[in-house]
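**Student:**
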Amino acid sequence: EKIGVAMSLFDDNFLTVLRQNIQAHAGELGVEVQMEDAQGDIARQQAQLENFIASGVDGVIMMLVDADSGRAMSRIADRAGVPLVFVNMLPAGVDEFPANQAWVGSDEEEAGRLEATEVCRLLEGEGDVVILMGQLGTTGQRGRTRATEEVLASEECSNINILDAQTANWMRTPALDLMTNWITSGLQPDAVIANNDEMALGAIQALKSSGVGTDSVIVAGVDATRDALASMQAGDLAVTVYQSAQGQGQGALDTVLKIARDEPFEQLVTVPFELVTPDNLAEFQTKN
Amino acid sequence: MESVQIEPVSRPRRGIPQDLGILLVLFGVAATFELLGWIMQGQSFLMNPQRLTIMILQVSVVGIIAIGVTQVIITGGIDLSSGSVVAMTAMVAMSFAQAAGYDRAVYPGLTGLPVIVPLAVGLGLGLLAGIINGQLIARTGIPPFIATLGMMVTARGIAKWYTKGQPISFPSDSFAMIGSGAWPVFIFLAVAVIFHIMLKYTRYGKYTYAIGANPQAARVSGINVQNHLVKVYAVAGLLSGLAGIVTAARAETAQAGMGIMYELDAIAAAVIGGTSLAGGRGKIFGTVIGTLILGLMMSGFTFLRADAYYQEIVKGVVIVAAVVADVYRQKARTRTS
Amino acid sequence: MESVQIEPVSRPRRGIPQDLGILLVLFGVAATFELLGWIMQGQSFLMNPQRLTIMILQVSVVGIIAIGVTQVIITGGIDLSSGSVVAMTAMVAMSFAQAAGYDRAVYPGLTGLPVIVPLAVGLGLGLLAGIINGQLIARTGIPPFIATLGMMVTARGIAKWYTKGQPISFPSDSFAMIGSGAWPVFIFLAVAVIFHIMLKYTRYGKYTYAIGANPQAARVSGINVQNHLVKVYAVAGLLSGLAGIVTAARAETAQAGMGIMYELDAIAAAVIGGTSLAGGRGKIFGTVIGTLILGLMMSGFTFLRADAYYQEIVKGVVIVAAVVADVYRQKARTRTS
Amino acid sequence: MISERSMAAIDRFKARQGDTLLEIEGIRKEFPGVVALDDVRFRLRRGTVHALMGENGAGKSTLMKIIAGIYTPDQGTIRLNGEDVSFTGPLDALERGIAMIHQELALMPYMTVAENIWIRREPVNRIGIIDHGRMFAMTQDLFDRLGIRIDPRAEVRLLTVAQRQMVEIAKAVSHESEVLIMDEPTSALTETEVEHLFRIIRDLKARGIGIVYITHKMNELFEIADEFSVFRDGTYVGTHASSEVTRDDIIRMMVGREITDMFPKQEAEIGDVILSVEGLTVEGTFHDISFDLRKGEILGVAGLVGSGRSNVAEALFGVVPATSGKIRIDGTEVAVTTPLQAMRHGMAFLTEDRKDTGCFLQLSILENMQMAMLCDNMVRRGFVEQGRINDLCDGMSKTLRVKTPNMEERIENLSGGNQQKVLIARWLLTNPRILILDEPTRGIDVGAKAEIHRLISRLAAQGLAVIMISSELPEILGMSDRIMVMHEGHMTGILNRDEASQVKIMELAAR
Ligand SMILES: Nc1ncnc2c1ncn2[C@@H]1O[C@H](COP(=O)(O)OP(=O)(O)OP(=O)(O)O)[C@@H](O)[C@H]1O
Ligand SMILES: Nc1ncnc2c1ncn2[C@@H]1O[C@H](COP(=O)(O)OP(=O)(O)OP(=O)(O)O)[C@@H](O)[C@H]1O
Ligand SMILES: [Mg+2]
Ligand SMILES: [Mg+2]
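In order, the protein sequence lines correspond to chains A, B, C and D.
For the first sequence, position 127 (counting from the first letter as 1) is numbered 127 according to our numbering, and the numbering increases by one without interruption.
Heads up, our numbering is the position in the second sequence plus 288, with the first residue counted as 1.
Heads up, our numbering is the position in the third sequence plus 625, with the first residue counted as 1.
Heads up, our numbering is the position in the fourth sequence plus 962, with the first residue counted as 1.
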């Protein structure tokens, strides 16, 4: 069996782990998979889906560039009668999907919610925060930021004040620069809530190099990457959120194979996010 | 910014016109994929009408932009803003194209409009962006690189700001139609034919080449260089707007990240097709072939199930090799003829 | 691909040399931020030595590339590969720079190497990429745009393939030192001074200008144009390699997505600083100022805490305005002098 | 300037004055569709000036480029000092003592005069740092020796065509080579500078240097050349001593027929004033120019290099609009701020700089010819009426004898003189009422020159008004009804045809 895997972006840390999990699981099952990188471009992803179909794959696993493009993708696959499983990102309009399509993943907003709630708890509902956003307009940036803002607007956290929210494009160096700029502009946040770990690590570097340090500032990220866990181990990163690349990767591959083989399957499989803090760090250290 | 051509350069070519040279390269690339297809996959690459359609389909948006960019490059300029203008027009056009009664529409009162509205809005916005580019370049005399770089950043910003990053989806069926089936291919080819004629047989075309070849001489020959430049950039903007509409209709959604790096693909298609960045030289036919070469590579690698990592490495090499082959073919002709 | 200079003659300029013009623009932008700072934030923007350092710090990597790119542009070429070469060298250099005993190192047997090893590897790799660019351009005669576009795609592919997308982290302290504190700024400024001298006071520089201004004349004057072009691109590659090392050391990690679009920022810095894409003209001093203008905008907007969505829109406008201001200033001078 | 060593070398040359320095045989060079040279031979002797003559496109420049290592010949041998050589490139040729002044100027516009001259030979210290001070001093020395007055620190783009040509000459001389090739070095120079150049040449000759001199100006041949070779259509016709022949002989050898009259001035009926200029000024360039131009009249404009003649023409045509003054056409005052406006008033303007403001180098001959006439006619609903245009262009190119395999050829590949003809054709095709010609016959061979003169004269006879700027006094005197003379941006007088003479013009021009 041949399965096409259309990834939104190869460069992303979490997605790399996800990809590797799919690959490894396919190896175990003796299934041939072919990966494509959409480089964050919807049209490219659409073309890749079409190319997969034209070269006669038995099913497609797709990590969407954007949730809203799910409908068009769904239609293309449906027309060709090729099984399609969305992984990780929840496509818009998932409830209208035809019978041979499914979703295995986690809800972006959930990550932001877990992260912000923990930060709020650590701050005891009071203080100043800055938000480091991912690339503007991406599903992750929107979902996580919106959830963060919702949590901070809630009753318990109403004394938390958002000083500023800017984008660092998911990357470490821009986050380093942005955070340094904030510090020199006189901002003294009590917490940094980043849309992902890379940016959180950038913020930590900035805090260290400008002498503020991470003792008085809570830094939070999402993804639980290796570097992030190491940083948490070192006592710098306070909060991150684990999503199971393994669960998602294996689940997606299993599901698409089931559809292809006409076996029964679940259409919506939620793999939950898990909060990672220094307390439960040990559990996660070997996972990603 | 052209290669340093030192040898007494490009002689007039008789026999196969220059255009056809790059066509040979296209055939060469296709034949290579065909051969590898049989060896590695045991099946034909080309003898699959579906694949051929898709091949063109997936590059038709880049192709539409590339045609506009070609004429800009012929004037000796460049347009870096096309990809961002695609995103901006896609967003704005889509917001006027949402299906009737869709409750989370951008303008809830304005859903289910006739398809002409989003079309006009999209084309108009693209045109406007192009006119601004053109006016900046022609009136202030700043380098096209900077003017369109500014537009690139600004248009992308507007696309993001328009709905604060929220994508816009659920177009009416009539709008979605524009991007469905082989429509994008027809639109691309129609635009190509129109501009082939424009550049070759109209005053607009002659002036475009003249300005690229020697702006001073063009002015002395009675050409209103500034006005013409504005027109050329405006047309490029209009085509970017069209590309934005097509891409939004095809994806049935518009998002701020659309069209990223399309400007580079478009310029590459033009240059692969023989358009000179120094100005004064280039043909729509070549650009179409250049676009197809890019499309061929996209489908070809997937077809061969090449590892995505190697794909990128090889893709760069193939682009270079295609152009090198063309250059050598031309040199060889020169020597023998 | 330069702006169409239609005005027939520009008379020699006396008084303030042309370089200083763009310096005025820099001051203008700075003053605007200063003013807005007092109005919107109630504090000074400039009177903060730390901010000034950071302003340079965050653009020093782009600045290092921009210097290499400037000399390439002066020869009439372009280098689109710098951003990708940064990523590639960052990845490879970092894999030889991992701290002793780090258990998940890329080469577990090769951790804790002396810092000279990753340095040599990174610079060597950058140099190699540059030489390949140069050889392609000089020997085959393909346009620099295509050759370096190919390298851009390929080098990015190599960066991703190298560890299959996995980032490489945990450098040794001595390697991390290169990117710490104000080191990147020193490196940037040192490179700037060296290349200022190279371009102005050595034959290397004269050849570079000559080739850009008139490649035929350069050849006829006995310059080995091909060899020199290879050198120029090799140097640009070397500087990209250096930038890759600095950026990896600064982030203490290397990722395949690093340096994306740096080539565009670098070219923009050069062009803002007065380097002409038509070749033959440009100065390192201008490029440094151009780089600083970009840096100023990055810090400035954050300082003003401008809405992230507006920032991008405004950024494009400011770039254009800066160059327009410079062009008008020059025109005004020309008229009065 | 000249080192001890080269002095010694020069003395050695002197000893062998008259020996064969350079000898070529059986040279063939083909370009696609054109045989530029076929079985050509040529011999240069030490201490002599050897002129090359031939119509436009005869292959003179191509031959010289072969000798200078820029082109490689398809066949044939080159012997330098009796030794067979084949050059790997221009550097090789330079190092073996062959320097060349190119017909199409080959300077770097944004570099200073000194940098242009000493490129690749800049004075450097031990660590490779260039000593600019010394370089300027060296340039000044060279200029003093050659009697050139140009600031070594000026950027070349700010120089006039003539000044650039002087810089090229200085650059070639500075190589102190044994063989010096000059491809139409005087095409942009006036008599004074030409005289000056000849002094330089005589000096070089005396030192034993062999000079190849290409020109279309007959009088120069007799003044400076010891012998000359004639080429026709890429073939060798013959070599003679210049003392043995007459002008007509040479012309016959070149063109294969007689040219009886170089200046076939046709009596024209001088009509009404069509253009009237009053107090025309471009601040900082020229001042207070006033004259009337009548139908059927040819107004010659004379002056030294840099006297502002070209600038006046540019202002008239709106290239650089005048800052003050009036232009009247048919008695009504008109504003001329762009060339397009000027064209709408029936003007046409052949610029003096072919390369900068004339040719669209990458485009075909046809495109080059038709460009100016597209602005007002030959276009229907945006579409160019190519059929009609083709006929007109073909006709014009026959009239002017443009030497080319076909009209689709890129103008870049034409010889200099043929490019000039294409540009003249461009303007004639617009059917102008007022024709402004700036150095119309620059680089054009005698045959075609006579042809162009005949054409101008005939057009004038049909009522066209012509302004003709020229640095060739015989041309001015032969063709003009009246002659306006300029000096340093001012008009110093207008002479009638019958009162004008070389001496009078020079008096007014030099002051
Ligand atoms: N690079 C080239 N490609 C094609 N044809 C060329 C090229 N260079 C020269 N020719 C052709 O070769 C012939 C000889 O040209 P060449 O420039 O040597 O003439 P010339 O004797 O110097 O003429 P002129 O007096 O006008 O300068 C011409 O027919 C010209 O069109
Ligand atoms: N591009 C330029 N930049 C600066 N000064 C110029 C430029 N062109 C011309 N000039 C100056 O303008 C004056 C008149 O030049 P112009 O070319 O009109 O003279 P001309 O009489 O036509 O001489 P020529 O025979 O060289 O064409 C000269 O003093 C010259 O130095
Ligand atoms: Mg010639
Ligand atoms: Mg003149």
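Glycine included, each C-beta is placed from N, C-alpha and C at the ideal position.
1) Below 8 Å on the Cβ atoms is my contact criterion, and I expect R1395 of chain D with G1308 of chain D to pass it. Report the Cβ-Cβ distance as a whole number of Å.
2) Taking 7 Å as the line, does the beta carbon of S1377 of chain D fall inside it for any heavy atom of ligand 3?
3) Which chain D residues sit within Cβ distance under 9 Å of A842 of chain C?
4) Closest by CA to V82 of chain A, which one among A:I22, A:S244, A:K287 and A:G59?
5) Flag K448 of chain B as yes if its beta-carbon sits less than 8 Å from any beta-carbon of chain C, otherwise no.
6) Is G1344 of chain D close to chain B? Criterion is C-beta to C-beta, closer than 8 Å.
7) Could you tell me the alpha carbon to alpha carbon distance between I1089 of chain D and V818 of chain C, rounded to whole angstroms?
8) From the DSSP output, in three-state form, read off Y934 of chain C for me.
9) Thinking C-alpha only, which one of C:A780, C:L744 and C:I762 is nearest P796 of chain C?
10) Would you mind sorting E1461 of chain D into buried or exposed? The rule is 16 or more other CB atoms within 10 Å of its CB.
11) Starting from the beta carbon of K494 of chain B, find every residue of chain D whose beta carbon is closer than 8 Å, and list them in chain order.
12) Is G211 of chain A close to chain B? Criterion is C-beta to C-beta, closer than 8 Å.
13) Going by the C-beta, is N1380 of chain D closer than 7 Å to any heavy atom of ligand 1?
14) Is the distance from the Cβ of G418 of chain B to the Cβ of A544 of chain B below 8 Å?
15) Measure the alpha-carbon distance for F910 of chain C versus A843 of chain C and round it to whole angstroms.
16) Are the beta-carbon atoms belonging to V85 of chain A and V57 of chain A less than 8 Å from one another?
17) Within the present structure, is the beta-carbon of Q1065 of chain D separated from the nearest heavy atom of ligand 1 by less than 7 Å?
18) Check whether the Cβ of A574 of chain C lies closer than 8 Å to any Cβ atom in chain B.
19) How would you label V349 of chain B, buried or exposed, when you count the other beta carbons within 10 angstroms and need 16 or more for buried?
20) Classify S304 of chain A: buried if its beta carbon has 16 or more other beta carbons within 10 angstroms, exposed otherwise.
21) Mind listing, in chain order, the continuous beta strand (DSSP E) runs of no fewer than 3 residues lying wholly within the region 1130-1198 of chain D?
22) Using Cβ-Cβ distances below 8 Å, what residues of the region 1086-1098 of chain D are close to chain C?
23) Between which two residues does the alpha helix (DSSP H) harbouring M1026 of chain D extend?
24) For the region 197-231 of chain A, which residues have a CB atom closer than 9 Å to at least one CB atom of chain C, in sequence order?
25) Closest to N1380 of chain D by C-alpha separation, out of D:S1139, D:E1017, D:H1202 and D:D1188, would be which residue?
26) Measure the C-alpha to C-alpha separation of A282 of chain A and F52 of chain A and round it to an integer number of angstroms.
27) Counting only Cβ pairs nearer than 7 Å, list the residues of chain D close to T358 of chain B.
28) In chain order, what residues of the same chain lie with their CB nearer than 6 Å to the CB of G247 of chain A, ignoring the 5 residues before and after it?
29) Buried or exposed for N159 of chain A, going by 16 or more other Cβ atoms inside 10 Å?
30) Taking the CB atoms as reference points, tell me whether L983 of chain D and V1141 of chain D lie closer together than 8 Å.
31) I'd like to check one pair, G904 of chain C with G759 of chain C: are the Cβ atoms closer than 8 Å?
32) Measure the alpha-carbon distance for Q1498 of chain D versus I986 of chain D and round it to whole angstroms.
33) When every heavy atom of ligand 1 is checked, does at least one fall within less than 7 Å of the C-beta of K1022 of chain D?
34) What does F1049 of chain D touch in chain B if you count any residue whose Cβ is under 9 Å from its own?
35) Below 6 Å CB to CB, which residues in the same chain sit around L1278 of chain D once its five sequence neighbours on both sides are set aside?
36) DSSP state of H1307 of chain D, grouped into three classes?
**Tutor:** The structure says:
1) 4 Å
2) yes
3) H1064, L1067, A1068, L1069, M1070, N1078 and I1081
4) A:G59
5) yes
6) yes
7) 16 Å
8) helix
9) C:L744
10) exposed
11) E1329, Q1332, M1333, L1336 and V1346
12) no
13) yes
14) no
15) 25 Å
16) no
17) yes
18) Lying before the first or after the last residue shown, residue 574 of chain C is absent from chain C, which here runs from 626 to 962.
19) buried
20) Only positions 1 to 288 of chain A appear in this structure, which leaves residue 304 of chain A out of reach.
21) 1141-1145, 1172-1176 and 1189-1194
22) V1086, G1090, I1091, I1092 and H1094
23) K1022 to I1029
24) E198, L201, G202, Q205, S209, S210, T225, R226, D227 and A230
25) D:E1017
26) 40 Å
27) By Cβ distance, chain D contributes nothing, its closest Cβ being about 15 Å from T358 of chain B, past 7 Å.
28) V271
29) exposed
30) yes
31) no
32) The structure shown does not extend to residue 1498 of chain D, since chain D spans only 963 to 1473, so no value can be given for it.
33) yes
34) Going along chain B, no residue has its Cβ under 9 Å from F1049 of chain D, so there is no contact; the nearest lies around 15 Å.
35) none
36) coil
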